[in-house]
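Enquirer: This is the structure I have questions about; it appears just below.
Numbering (the numbering used here), first residue to last: 548 to 751.
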């Protein structure tokens with residue numbers, strides 16, 4: 548019997564097709580990277596405008612508390628009834644804390660712009676995540692302590708003979724309460740900023 552050999556012809560196009568498969572894979576990876584960059588750039592733009600809103604909220608809180616002084620119209624030459632934020636250390640701490648948070652948020656704007664220009668950069672986003680978390684905790688401490696004093700000013704405390712003063716110092720209580728509300732709005736903005744930074748740092 549004769550040895551029969553089987554010969555399989557390989558088309559010339561197959562080798563070229565195999566060579567052309569690599570660029571297609573590279574194109575797919577580049578497409579995925581561009582989609583991730585566009586998504587993170589959108590988050591960075593939202594981050595920037597949210598920081599502007601947080602600056603407004605924290606500045607309003609500090610300014611409103613700072614101007615919350617009120618003097619009652621009935622007073623004599625030797626006796627005068629007056630209430631101000633500087634009469635309470637908690638409100639003094641509130642003004643200082645909210646002013647510092649406003650300053651930090653202003654200084655953080657350039658880093659937010661960097662994340663818009665370079666959405667895939669990790670270092671500026673990680674720095675903002677750490678500092679925003681610290682600012683959020685600081686803001687929460689100031690807002691919570693001021694809220695406790697504002698509650699006592701409105702309702703008093705019979706067990707400690709703390710009398711409510713808002714019936715007399717109505718304007719003072721309105722301003723301090725408004726400052727506390729604005730500070731909690733700032734807390735919400737900072738929480739969202741922390742979440743945005745966490746999502747932006749997530750690898751896709």
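The beta-carbon is built from N, C-alpha and C at its ideal position, and this holds for glycine as well.
Of the choices 690, 704 and 701, whose alpha-carbon is the least far from that of residue 646?
Expert: 690
Enquirer: Can you grab the Cα-Cα spacing for the pair residue 716 / residue 630, in whole Å?
Expert: 7 Å
Enquirer: Can you tell me whether DSSP reads residue 708 as helix, strand or coil?
Expert: coil
Enquirer: Measure the C-alpha to C-alpha separation of residue 608 and residue 615 and round it to an integer number of angstroms.
Expert: Residue 608 and residue 615 have their alpha carbons spaced roughly 11 Å apart.
Enquirer: Nearest by alpha-carbon distance to residue 688: which of 643, 656 and 725 is it?
Expert: 643
Enquirer: Mind checking residue 638: buried by the 16 CB within 10 Å criterion, or exposed?
Expert: buried
Enquirer: Excluding the five sequence neighbours on either side, which residues of its own chain have a C-beta within less than 6 Å of the C-beta of residue 599, listed in chain order?
Expert: none
Enquirer: For a test of the three-state rule: what should DSSP assign to residue 695, helix, strand or coil?
Expert: Secondary structure at residue 695: helix, using DSSP grouped into helix, strand and coil.
Enquirer: Could you tell me if residue 736 is buried or exposed, where buried requires 16 or more neighbouring beta carbons within 10 angstroms of its beta carbon?
Expert: By the neighbour-count definition (other C-beta atoms within 10 Å, threshold 16), residue 736 is a buried residue.
Enquirer: Look up residue 715 in the DSSP assignment and say whether it is helix, strand or coil.
Expert: Here residue 715 sits in coil by DSSP.
Enquirer: Under 8 Å between the Cβ atoms of residue 672 and residue 748?
Expert: yes
Enquirer: Could you give the first and the last residue of the continuous alpha helix (DSSP H) run that contains residue 650?
Expert: 636-664
Enquirer: Measuring CB to CB, does residue 744 end up less than 8 Å from residue 676?
Expert: The Cβ atoms of residue 744 and residue 676 lie closer than 8 Å to each other.
Enquirer: Given a threshold of 16 other Cβ atoms within 10 Å of its Cβ, counted over all protein chains shown, does residue 594 qualify as buried or as exposed?
Expert: buried
Enquirer: At the level of alpha carbons, what is the spacing between residue 719 and residue 588?
Expert: 44 Å
Enquirer: Could you compute how far the alpha carbon of residue 705 sits from the alpha carbon of residue 654?
Expert: 45 Å
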